[in-house]
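First the structure, in the form of structure tokens, and then the observations on it.
There are 2 protein chains.
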Amino acid sequence: MTNDKFRKNDDFDLQNFLPFLLNQAAEESSLEFQRAYKDRYGLLRTEWRVLFHLGIFGEMTAKDIGERAKTHKTKISRAVRKLEQRRFLKRSRDEGDRRVEWLVLTPAGQTVYRELRGIAQQYDARLAGLFSADEAALLRRMLRRLAGMD
Amino acid sequence: MTNDKFRKNDDFDLQNFLPFLLNQAAEESSLEFQRAYKDRYGLLRTEWRVLFHLGIFGEMTAKDIGERAKTHKTKISRAVRKLEQRRFLKRSRDEGDRRVEWLVLTPAGQTVYRELRGIAQQYDARLAGLFSADEAALLRRMLRRLAGMD
DNA sequence: GCTTGTTAGTTACAAAATCAACTATTATCC
DNA sequence: GGATAATAGTTGATTTTGTAACTAACAAGC
Chain A
1 MTNDKFRKND DFDLQNFLPF LLNQAAEESS LEFQRAYKDR YGLLRTEWRV
51 LFHLGIFGEM TAKDIGERAK THKTKISRAV RKLEQRRFLK RSRDEGDRRV
101 EWLVLTPAGQ TVYRELRGIA QQYDARLAGL FSADEAALLR RMLRRLAGMD
Chain B
1 MTNDKFRKND DFDLQNFLPF LLNQAAEESS LEFQRAYKDR YGLLRTEWRV
51 LFHLGIFGEM TAKDIGERAK THKTKISRAV RKLEQRRFLK RSRDEGDRRV
101 EWLVLTPAGQ TVYRELRGIA QQYDARLAGL FSADEAALLR RMLRRLAGMD
């Protein structure tokens, strides 16, 4: 990719422009995991994220998930409906505040979650293995910083 | 974001899962630059990418751009048409191989490119400024590695 | 208690991305 | 040289996303 097919007539280095570079790295590094959740379970990106949040935290509301994952509420709403239709989660009204719905994985949802979690752990280890342990830790720290997650 | 509102009942660390983390960082770090090209010039993401490739490399074909930017040819095709309609680029048939079109920025396109390039440079410097020079260089190297750009 | 404002979540419509099929041209190989 | 395959690029149908407006429930001020 760093070939010389094209001679630059300019001094802007697109391949090192952070927003571009981050997008390329994010897309490339999502590909293999995407195959796991898409091809094997027919899940969309927002759907596995909702699934994982519930798998990890047990019980949450749509709003909580949206905040944690920085995802718009309409996306969450549609992902929740899909997961409900597939019987991967169930909803229940909060009796104290009847606007709120609590979401929780069904046993089927937990099974899918555990499988995907295993794949995710293996895959993350593979990616991190491209670097030394220190470098990988630094990378995560820098990414959290860029993502405003600190 | 690293608060304790939810007690984890599980050991998967989503906030450090590289594909997730990379996506979050990529989205967050694209936001401000996106405002520049979207609000000010009405460009879409693929459109600024095509514009930048032509600004940097002078003359390319749609296929070349697609390969460099890892972008599907239908996206490129539509972005090229939009940019042509706005008179930011012009096309010309290759006389040797008449399937091929050469794309080149018009003076208007070059003006937009130079403005956006300036904004991009400033913004990149701001992002890189979150880290030491060594760290930033390492970050770029690691991202290129993850993106398969090495 | 009644207006006004907020919040959780959904829905409707427009914009954009995806995937497959298509045209036109060139390359391969018998 | 003629059939077959490959390549550059486009188009159309379907899916997914984004934006705004919406419902229903709660909160605050007076």
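Going down the list, the protein sequences come from chains A and B. Here the first sequence is numbered in full-length UniProt numbering, starting from 1 and rising by one per residue. Here the second sequence is numbered in full-length UniProt numbering, starting from 1 and rising by one per residue. Just so it is clear, CB atoms sit at the ideal spot from N, CA and C, and this is done for glycine as well. The structure presented is a predicted model; accordingly, all values stated were derived computationally and were not measured.
C-alpha distance - residue i paired with residue j, whole-angstrom precision
i, j, result
"residue 62 of chain B", "residue 84 of chain A", "42 Å"
"residue 15 of chain B", "residue 26 of chain B", "14 Å"
"residue 68 of chain B", "residue 96 of chain A", "55 Å"
"residue 79 of chain A", "residue 103 of chain A", "12 Å"
"residue 50 of chain A", "residue 148 of chain A", "20 Å"
"residue 56 of chain A", "residue 142 of chain B", "28 Å"
"residue 99 of chain B", "residue 90 of chain B", "16 Å"
"residue 39 of chain B", "residue 105 of chain B", "21 Å"
"residue 13 of chain A", "residue 33 of chain B", "16 Å"
"residue 122 of chain A", "residue 112 of chain A", "16 Å"
"residue 45 of chain A", "residue 36 of chain A", "11 Å"
"residue 144 of chain B", "residue 150 of chain B", "6 Å"
"residue 119 of chain B", "residue 118 of chain A", "42 Å"
"residue 64 of chain A", "residue 128 of chain A", "29 Å"
"residue 116 of chain B", "residue 88 of chain B", "13 Å"
"residue 41 of chain A", "residue 131 of chain A", "31 Å"
Given residue i as reference, the closest of the options once Cα atoms are compared
i, options, result
"residue 66 of chain A", "B/24, B/94, B/103 and B/111", "B/24"
"residue 43 of chain B", "B/32, B/82, B/31 and B/71", "B/82"
"residue 93 of chain A", "A/145, A/144, A/60 and A/46", "A/60"
"residue 86 of chain A", "A/19, A/70, A/110 and A/120", "A/110"
"residue 101 of chain A", "A/129, A/76 and A/119", "A/76"
Cβ neighbour criterion (16 or more within 10 Å) applied to residue i
i, result
"residue 53 of chain A", "buried"
"residue 29 of chain A", "buried"
"residue 140 of chain A", "buried"
"residue 74 of chain B", "exposed"
"residue 114 of chain A", "exposed"
"residue 124 of chain B", "buried"
"residue 21 of chain A", "buried"
"residue 214 of chain B", "Given a span of 1 to 150 for chain B in the structure shown, any question on residue 214 of chain B remains unanswerable."
"residue 107 of chain B", "exposed"
"residue 18 of chain B", "buried"
"residue 146 of chain A", "buried"
Opening and closing residue of the beta strand (DSSP E) in which residue i lies
i, result
"residue 105 of chain B", "101-105"
"residue 93 of chain A", "89-93"
"residue 60 of chain A", "59-61"
Contact set between residue i and chain B, taken where Cβ atoms lie within less than 7 Å
i, result
"residue 124 of chain A", "17 and 18"
"residue 25 of chain A", "22, 143, 146 and 147"
Contact set between residue i and chain A, taken where Cβ atoms lie within less than 7 Å
i, result
"residue 29 of chain B", "18, 19, 22 and 146"
"residue 90 of chain B", "Result: empty, since nearest Cβ-Cβ is about 17 Å, beyond 7 Å."
"residue 117 of chain B", "12"
Opening and closing residue of the alpha helix (DSSP H) in which residue i lies
i, result
"residue 29 of chain A", "18-39"
"residue 85 of chain A", "73-85"
"residue 139 of chain B", "133-146"
Residues that residue i contacts on chain B, provided the C-beta gap is smaller than 8 Å
i, result
"residue 128 of chain A", "18"
"residue 135 of chain A", "138 and 142"
Contacts of residue i in chain A (Cβ-Cβ under 8 Å)
i, result
"residue 70 of chain B", "24, 27 and 28"
Per-residue contacts from residue i into chain A (C-beta, under 9 Å)
i, result
"residue 40 of chain B", "Those within 9 Å of residue 40 of chain B in chain A number zero; the least Cβ separation is about 16 Å."
Contacts of residue i in chain B (Cβ-Cβ under 9 Å)
i, result
"residue 121 of chain A", "12 and 17"
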